[in-house]
Amino acid sequence: MKDSLAWCECDGRLVFLDVRADRYFQLSSDREIAFRQALDNPEEESRHQPSIFPVRDGWRPPAHTSQSIARGPFNLADIAAAIWWQTRVERRLVTGSLYHLLLTLRDAQGSVVTGVQRSEKLDRTLRAFQHARVLRSAADRCLPRSMALALRLARDGLAAQLVIGVRTSPFGAHSWAQHEDQVLNDSVEEVLRFTPILIV
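1 is the number of the first residue of the sequence shown in the UniProt record's numbering; add one for each residue after it.
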């Protein structure tokens with residue numbers, strides 16, 4: 001089995017993400033039954049993450065939204081920086097691959113601070129990314145927005161995970177940035193509509 005596969009159980013069915021090929025897929029019912037039976041670890045029946053992207057300690061299911069995104073002044077310089085980070089990630093997704101960007105994020109997180117974190121820099125960055133949505137539409141940009149935020153925070157030594165979630169009937173995917181159980185750039189109500197399939 002390829003170690004580039006992530007999967008999760010969603011509405012009773014497995015949804016797969018091949019991070020190298022950047023594609024989602026499902027198996028037929030018969031193949032899914034056979035796949036489940038072939039798994040060595042029963043815990044992997046509902047969720048699996050490639051070993052190259054281990055889940056960091058401290059991640060928990062989302063429970064609340066960061067208050068920083070709703071309070072504070074409109075700082076144009078910070079917003080311009082947020083848009084620059086997002087544009088940079090979008091360009092790399094077009095010219096490169098999701099897989100290599102995920103590796104970049106994983107490596108950038110190597111020296112970040114874990115545990116409780118609160119700082120003016122964190123608050124300003126979260127507000128800037130939220131305010132950037134006013135100047136640049138966030139529609140269909142959840143992945144580059146969330147990855148850009150996680151990369152920016154990692155550069156500043158602050159912990160954040162990129163979470164990719166899925167739903168079925170109809171199929172949809174969504175991304176957000178999170179620290180422990182706190183959603184950093186979305187509402188908790190929105191992200192709870194999706195089942196996490198990959199956490200970096």
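Every residue, glycine too, gets a C-beta built ideally from N, C-alpha and C.
These figures come from a predicted structure and were not determined experimentally.
Cβ-Cβ distance between residue i and residue j below 8 Å
i    : j    : result
L17  : I197 : yes
L184 : S66  : yes
S175 : L122 : no
D22  : L98  : yes
R145 : C10  : no
L93  : L101 : yes
A81  : A128 : yes
E32  : R13  : yes
Backbone secondary structure at residue i - three-state DSSP
i    : result
G110 : helix
W59  : coil
E120 : helix
L151 : helix
I79  : helix
C-alpha gap between residue i and residue j, whole angstroms
i    : j    : result
R133 : E120 : 20 Å
A38  : R193 : 29 Å
A154 : H179 : 12 Å
S46  : V191 : 19 Å
Q109 : L76  : 27 Å
R152 : L103 : 15 Å
G72  : T125 : 11 Å
G96  : E90  : 10 Å
S29  : F171 : 17 Å
Expected contact under 8 Å - CB spacing of residue i and residue j to nearest Å
i    : j    : result
A173 : G165 : 7 Å
M147 : L162 : 5 Å
H131 : F53  : No, H131 and F53 are not in contact; Cβ-Cβ is about 30 Å, not under 8 Å.
CB contact below 8 Å: residue i versus chain B
i    : result
A160 : The chain labelled as chain B is not found in the depicted structure, where only one protein chain is given.
Item to check | Ranges of the beta strand (DSSP E) found wholly within the stretch 10 to 50, counting only runs of at least 3 | outcome: 13 to 18 and 23 to 25
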